[in-house]
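Structure first, then comments.
In my numbering, the protein residues as written are 1 to 239.
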């Protein structure tokens, strides 16, 4: 943001927080308020700084995923390179039917436009956050990502799934609440407390079998079953 977009360093932390709160991701927010940049450059910079070497194979989760008799799909706002690298480090790359990622949901060439300071008009996000009740209208982002309804609708179509027969795992309450509103059965990973928009909460992803033992029943018998009074599942989406 400092080097590529010319944003003052002192403004970056507050801007990132505001964009994330209002427009779900920093990238979506930057594009909404008028910045143009190469999506691949953005992902490479953000993910290139991550300590992938700290990730270790997860044989417990691998065994769970390989043995649960339902479809499993990765849904991520990240690019495919990041998703693939994480799955490879965890040794889970062959546990999923497919990866639905940033490139799947977005026309990647749309954002790959160099910044032109003379032509780019940037929406004043600071003024908007300072006076949210003013007449300013927050611009719409061209980026399609969770938890936007458009993203979920695309996923349902691409994966040929019914939300009413799909279990959606995520660690973001905002993603879960929007998914729930669209008919998905939701599992909050990383919390042991259920809240609005959450059907089931798992403190650890390793607790799936204990929390939802019905998933291991024969697929032919699964449709229409109410799992622990929480979900009815035929298809599974992993976030």
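We treat Cβ as the ideally placed atom computed from N, Cα and C, and that holds for glycine.
Given residue i as reference, the closest of the options once Cα atoms are compared
i           : options            : result
residue 91  : 77, 123, 52, 79    : 52
residue 98  : 80, 107, 89        : 80
residue 202 : 59, 170, 128       : 170
residue 44  : 85, 167, 198       : 85
residue 191 : 172, 179, 35, 156  : 172
residue 189 : 135, 206, 60       : 206
residue 152 : 127, 136, 139, 179 : 179
Own chain residues within Cβ distance below 6 Å of residue i, not counting five before or after
i           : result
residue 254 : The structure shown does not extend to residue 254, since the chain is modelled only from 1 through 239, so no value can be given for it.
residue 111 : Here residue 111 scores only 47 on pLDDT, less than 50, and its place in the model is too uncertain to base an answer on.
residue 154 : 105
residue 175 : 146, 147
residue 238 : Only weak support is given to the placement of residue 238: the predicted model assigns it a pLDDT of 44, under 50, and the value that follows is read from those uncertain coordinates. Result list for residue 238: 72, 74, 169, in chain order.
Unbroken alpha helix (DSSP H) run spanning residue i, endpoints
i           : result
residue 44  : 39 to 48
residue 16  : 12 to 23
residue 126 : 125 to 130
residue 194 : Note, residue 194: premise wrong, no alpha helix (DSSP H); not H, not E.
residue 206 : Premise fails: residue 206 is in no alpha helix (DSSP H) and is neither H nor E.
Neighbourhood of residue i by C-beta distance below 7 Å, restricted to the same chain and skipping five residues each side
i          : result
residue 77 : 25, 102, 145, 146
residue 9  : 2
DSSP beta-bridge partners of residue i
i           : result
residue 188 : 170, 201
residue 65  : Partner(s): none; residue 65 has no beta bridge.
residue 98  : 73
Start and end residues, beta strand (DSSP E) containing residue i
i          : result
residue 74 : 71 to 75
Spatial neighbours of residue i in its chain, beta-carbon cut-off 8 Å, leaving aside the 5 residues before and after
i         : result
residue 5 : 30, 35, 37, 115
At least three beta-carbon pairs within less than 8 Å, the stretch 135 to 144 to the stretch 20 to 36: yes
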